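Single-structure report; data block below.
Numbering (the numbering used here), first residue to last: 3 to 213.
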């Protein structure tokens with residue numbers, strides 16, 4: 003039971019597990035993911051995250067296609083995460099991020115594979131495919147996770163490079179058998195790039211609720 007279109011339950015579980023390595027406020031290293039209940043507007047999941055403290059951190063993830071009163075989440079103890087396509091009033095949340103999803107059925111432009119970028123960029127992990135616009139004077143650099151097809155890191159020389167950067171990730175994901183490419187943002191993580199400039203097929207806002 004997962005209500006995050008267009009991902010199937012199995013796709014979501016794999017995607018969310020690998021997303022946790024980014025340690026976003028709404029996705030951290032996952033120990034367990036349990037469906038709780040489904041409602042007319044969506045569903046609620048329970049996540050257990052690995053914490054730096056010697057205990058597990060519990061979080062409740064509510065995925066709502068349409069907004070409703072959120073008082074049904076009040077009795078749940080632990081971190082409460084809301085994922086919705088609608089904008090939430092500022093007084094209801096502490097942190098805000100976003101999730102952009104692009105279909106790999108789109109036309110795409112192929113970038114150039116590189117082993118590692120020049121200094122100044124983070125070290126790519128073993129699960130990353132690193133793609134750039136050129137070997138020497140890169141206009142963009144993309145780290146695509148080969149397992150959940152999320153763009154874990156992106157650098158743009160200018161915003162005009164965004165289309166080609168996302169399209170290069172789409173080409174690679176399609177080659178690896180992925181149906182979608184995602185970009186997950188959180189405060190401090192890719193939150194300065196306007197991904198709406200290359201219109202996503204799906205967009206969700208993510209919130210850490212304040213109650």
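Even for Gly, the Cβ is constructed at its ideal location relative to N, Cα and C. Note that the coordinates shown come from a computational prediction; the quantities given were computed from them, not determined experimentally.
Measure the alpha-carbon distance for residue i versus residue j and round it to whole angstroms.
i           : j           : result
residue 194 : residue 73  : 32 Å
residue 211 : residue 139 : 42 Å
residue 91  : residue 18  : 26 Å
residue 62  : residue 85  : 11 Å
residue 165 : residue 177 : 18 Å
residue 89  : residue 102 : 15 Å
residue 43  : residue 16  : 23 Å
residue 113 : residue 135 : 5 Å
residue 64  : residue 82  : 8 Å
residue 192 : residue 156 : 7 Å
residue 216 : residue 32  : What the structure shows of the chain is the stretch from 3 to 213, and residue 216 is not part of that stretch, so it cannot be assessed.
residue 170 : residue 125 : 20 Å
residue 151 : residue 175 : 6 Å
residue 20  : residue 179 : 16 Å
residue 69  : residue 77  : 18 Å
residue 75  : residue 60  : 14 Å
residue 45  : residue 163 : 37 Å
residue 190 : residue 110 : 28 Å
residue 10  : residue 107 : 17 Å
Smallest Cα separation from residue i: which of the options?
i           : options               : result
residue 173 : 212, 149, 105 and 127 : 105
residue 204 : 191, 213, 184 and 38  : 184
residue 202 : 83, 186, 78 and 209   : 186
residue 119 : 145, 110, 54 and 128  : 145
residue 158 : 149, 127 and 133      : 133
residue 141 : 167, 12 and 4         : 167
residue 8   : 67, 198 and 197       : 67
Below 8 Å between beta carbons: does that hold for residue i and residue j?
i           : j           : result
residue 99  : residue 188 : yes
residue 182 : residue 87  : no
residue 223 : residue 58  : This structure cannot speak to residue 223, because the chain is shown only from 3 to 213.
residue 147 : residue 123 : no
residue 6   : residue 154 : no
residue 97  : residue 27  : yes
residue 137 : residue 116 : yes
Can you tell me whether residue i is buried or exposed? The criterion is at least 16 other CB atoms within 10 Å of its CB, across all chains shown.
i           : result
residue 30  : buried
residue 41  : exposed
residue 47  : buried
residue 160 : exposed
residue 213 : exposed
residue 208 : buried
Looking at the structure shown, is residue i part of a helix, part of a strand, or coil, going by DSSP?
i           : result
residue 22  : helix
residue 202 : coil
residue 119 : coil
residue 172 : helix
residue 57  : coil
residue 161 : helix
residue 15  : helix
residue 34  : strand
residue 154 : strand
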